[in-house]
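Accompanying notes for the structure given below.
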C-alpha cells in the first residue's frame, strides 16, 4: 500500500527511511491520466517485494516545494531514494515489465535471491517462480549435472532452445548419452575450458554425422558463458573453420 507523503513528512518518511531500505516516490496529480495508469504497476511491484521497498506518493499540486526541489517537470515522475538521495528515476508511464526491472535494480526479486544462494533446492524454487528465465534454468541444470543427474538437467533447460547456454547444456547431455565427447565434458567439469573446447572442435572436424550440430551447440554454449574471455574470438574462428 502506497504511503501519502507531504512537505512536512518527506524528511522522515522518505529521506530518513531510505537509510534503512529503498523508497520509491511517485510524484503524481489527480488530473494526470498516465499517473493513474502507472500507479497499479508501482503498487504491485512494491507488494511483490514484501516490505523490502517502500512506495510513497507525492501530490505535486499540494506539495509544490517538493516538486521544485526535485526538479519535477513532467508527471508521473518516479524517483528512487537510498541513503537520503535519488539513485534512479524515470518519467512517464512505463510498461509493467520496465517497472519491475526498475524495482529489481533496487531490491533483488525472490528469484534473484534464490539464484544467489546457488544450491539446487533454491535454484529449483527460483526456476518455478520465473520459468521463462533461461539463466535460472541454466544454473539449475548445472547444479544437477554436478551430481550426475543428466536427465533432470535436460528437463531443466527444456523450452529454452533460444538461449545459447541452455542449448549447449542440452546438446552436451545428448552427446554424452550417445557416448560422444565425454572426455571433453570431463575436462570442462575440471575447469579445463580450453582443453574441452579443443577436444570438442577436433571431434567436430572428424564427425560427419548428426552429432555435428550438437557439437556446435556445445561449443557455442561454452563460449557464451563468458563472452569477455580473451580466447573466445579465437575459438569462434576455429569453430567457423571446422564447420566449413
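In the numbering used here, the protein residues as written are 545 to 788.
Ideal placement from N, C-alpha and C gives every residue a C-beta, glycine not left out.
Can the beta-carbon of residue i be found less than 8 Å from the beta-carbon of residue j?
i: residue 709; j: residue 747; result: no
i: residue 634; j: residue 622; result: yes
Please name the residue in the options whose C-alpha comes closest to that of residue i.
i: residue 579; options: 604, 566, 560; result: 604
i: residue 783; options: 773, 591, 757; result: 757
i: residue 596; options: 648, 602, 613, 666; result: 648
Could you please give the first and the last residue of the uninterrupted alpha helix (DSSP H) stretch that includes residue i?
i: residue 763; result: 755–768
i: residue 701; result: 694–701
i: residue 788; result: Unbroken run through residue 788: none, as it is neither H nor E.
i: residue 666; result: 664–673
i: residue 556; result: Run containing residue 556: none; DSSP gives neither H nor E here.
i: residue 676; result: First-last for residue 676: undefined, no H or E at that position.
i: residue 644; result: 640–650
State buried or exposed for residue i, treating a residue as buried only when at least 16 other CB atoms are found within 10 Å of its CB.
i: residue 550; result: exposed
i: residue 753; result: exposed
i: residue 566; result: buried
i: residue 689; result: buried
i: residue 556; result: exposed
i: residue 785; result: exposed
i: residue 716; result: buried
i: residue 564; result: exposed
i: residue 609; result: exposed
i: residue 560; result: exposed
i: residue 613; result: exposed
The beta strand (DSSP E) that contains residue i, what's its start and end?
i: residue 568; result: 567–572
Run the proximity test for residue i: is its beta-carbon closer than 7 Å to any non-hydrogen atom belonging to the ligand GTP?
i: residue 579; result: With respect to the ligand GTP, the structure shown offers nothing to examine, as it has no ligands at all.
Could I get the ranges of all uninterrupted beta strand (DSSP E) runs contained in the region 580–637, with 3 residues as the minimum, in chain order? 598–603, 621–626, 629–635
4 or more residues per run - each alpha helix (DSSP H) lying fully within the region 680–739: 694–701, 708–721, 726–733
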